[in-house]
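Student: The opening position of the sequence shown corresponds to residue 1 in the numbering used here, with each subsequent residue numbered one higher.
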Amino acid sequence: MIRIHSALASPPFYSALASRLRHSARIATPAAPRQRLVSKILTVLAVSAALTGIAGAAAPVDERVVHDVAAQLRCVVCQNLSVADSPSETANQMRQIIRERLAAGESPEQVRAYFVQKYGQWILLSPPKEGFNLLVWVVPFAALGAGLVLVAVVLRRWSRRPTAAPSTPVDPAMRERIRREMSGGPRP
């Protein structure tokens, strides 16, 4: 059997304990209806914000946009293929990153900028037409134009070559001398 301490068993102790419990209960309850209203409004706002966040995160991403962005990026493993066409696991991970960033609300340009920042201009299959990269676009056309001009100049020179000059008449005495020398006849 448990013995209770005599101080705890006395009625004045119980009354003091009851008084403290009543006092703490008053502190825990809102003092005014305005505080209850504010707490309800804050609760509703928190729940609606959470639901909006869940709905926003679940928004589907258009796979055509993912494919378009992936088609502009070079696969780091199969360097002659785009991320959209590459079967490698790295390209699959890059497509997933594209999908996640688009779902987070980034534009396709921002996603491309992310990969350019991470890998450099090399990651783009089509380099931008500015600065030093402009040479990649201009030099092939300039070389083609120079080649066409060279072919035209050579063809023109070939077409303007003079025809063989008409032969000059041979003196009849010279002709007779040639005939005799060829036949082995007497020499003069």
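We put the beta carbon where it would ideally sit given N, CA and C, even for glycine. These figures come from a predicted structure and were not determined experimentally.
(1) For a test of the three-state rule: what should DSSP assign to Leu-125, helix, strand or coil?
(2) Suppose the cutoff is 7 Å on Cβ atoms and the five residues either side in sequence are ignored; what does the same chain contact list for Ala-173 look like?
(3) Taking the CB atoms as reference points, tell me whether Ile-123 and Phe-132 lie closer together than 8 Å.
(4) Going by DSSP, what residues sit across from Leu-73 in a beta bridge?
(5) Go to Thr-90, then tell me how far its alpha helix (DSSP H) extends in each direction, as first and last residue.
(6) Take Trp-137 and list the residues in its own chain whose beta-carbon comes closer than 6 Å to its own, dropping the five residues that flank it on each side.
(7) So for Ser-107, helix, strand or coil by DSSP?
(8) Are the stretch 64 to 76 and the stretch 98 to 116 touching by the rule of at least three beta carbon pairs closer than 8 Å?
(9) Would you mind sorting Ser-39 into buried or exposed? The rule is 16 or more other CB atoms within 10 Å of its CB.
(10) Assuming the contact rule is C-beta atoms closer than 8 Å, Val-77 and Thr-90 should be a hit. Round their C-beta distance to whole Å, please.
(11) Contact check, Leu-102 vs Val-65 under 8 Å by CB: the rounded distance?
(12) Does the beta-carbon of Ala-146 have 16 or more other beta-carbons within 10 angstroms, so that it is buried, or is it exposed?
(13) In terms of residue numbering, what span does the alpha helix (DSSP H) encompassing Ser-82 cover?
(14) Buried or exposed: Pro-30, going by 16 or more other Cβ atoms within 10 Å of its Cβ?
(15) Is DSSP giving Gly-184 helix, strand or coil here?
(16) Which residues in the same chain as Glu-181 place their Cβ atom closer than 6 Å to its Cβ, once the five residues preceding and following it in sequence are excluded?
(17) Looking only at its own chain, which residues have a Cβ that is under 8 Å from the Cβ of Met-1, when we skip the five neighbours before and after it?
(18) Whole angstroms are fine: how far does the CA of Ser-183 sit from the CA of Val-170?
Tutor: Working from what's here:
(1) As a working mapping, residue 125 is identified with position 125 in the sequence shown. Three-state result, Leu-125: coil.
(2) Taking the sequence shown and counting its residues from 1, the one referred to as residue 173 is at position 173. Same-chain partners within the cutoff: there are none.
(3) The residue given as residue 123 occupies position 123 in the sequence shown. The residue given as residue 132 occupies position 132 in the sequence shown. It is not a contact, given that the beta carbons lie outside the stated cut-off.
(4) To locate residue 73, count along the sequence shown from 1; it is residue 73. DSSP, once it has assigned bridges, lists Leu-124 as partnering Leu-73.
(5) Sequence index remark: in the sequence shown, residue 90 carries index 90 (1-based). In the DSSP assignment, Thr-90 falls within the unbroken alpha helix (DSSP H) covering 89 to 103.
(6) To locate residue 137, count along the sequence shown from 1; it is residue 137. Once the five neighbours on either side are set aside, the close Cβ partners of Trp-137 are Lys-129.
(7) For the purposes of this step, residue 107 is taken as the residue at position 107 of the sequence shown. Note: Ser-107 maps to coil in three-state DSSP.
(8) Flag = yes, the stretch 64 to 76 and the stretch 98 to 116 touch.
(9) As a working note, residue 39 is residue 39 in the sequence shown. Here Ser-39 is exposed, its C-beta having fewer than 16 other C-beta atoms within 10 Å.
(10) Here residue 77 refers to the residue found at position 77 when the sequence shown is read from its first residue. Here residue 90 refers to the residue found at position 90 when the sequence shown is read from its first residue. The pair is a contact, with the Cβ atoms about 5 Å apart (cut-off 8 Å).
(11) Counting from one through the sequence shown, the residue named residue 102 turns up at place 102. Counting from one through the sequence shown, the residue named residue 65 turns up at place 65. Sure, about 6 Å apart at Cβ, within 8 Å.
(12) On the sequence shown, residue 146 is found 146 positions in, with the first residue counted as 1. Its Cβ having fewer than 16 others within 10 Å, Ala-146 is exposed.
(13) Within the sequence shown, the letter at position 82 stands for residue 82. Note, Ser-82: premise wrong, no alpha helix (DSSP H); not H, not E.
(14) In the sequence shown, residue 30 corresponds to position 30, counting from 1. Unreliable placement is indicated for Pro-30, whose pLDDT of 49 sits below 50; the coordinate value is still reported in the next sentence. Label assigned to Pro-30: exposed.
(15) Reading the sequence shown from its first residue, position 184 is the one you call residue 184. Coil.
(16) Along the sequence shown, one-based indexing puts residue 181 at 181. Exclusion of the five residues before and after Glu-181 leaves no residue of its chain whose Cβ lies closer than 6 Å to its Cβ.
(17) Start at 1 with the first residue of the sequence shown, and residue 1 comes out as number 1. The predicted model places Met-1 with a pLDDT of 46, which falls under 50 and marks its position as unreliable; any figure quoted below should be read in that light. Excluding positions up to five away in sequence, the list is empty.
(18) As a working note, residue 170 is residue 170 in the sequence shown. As a working note, residue 183 is residue 183 in the sequence shown. The straight-line gap from Cα to Cα measures roughly 19 Å.
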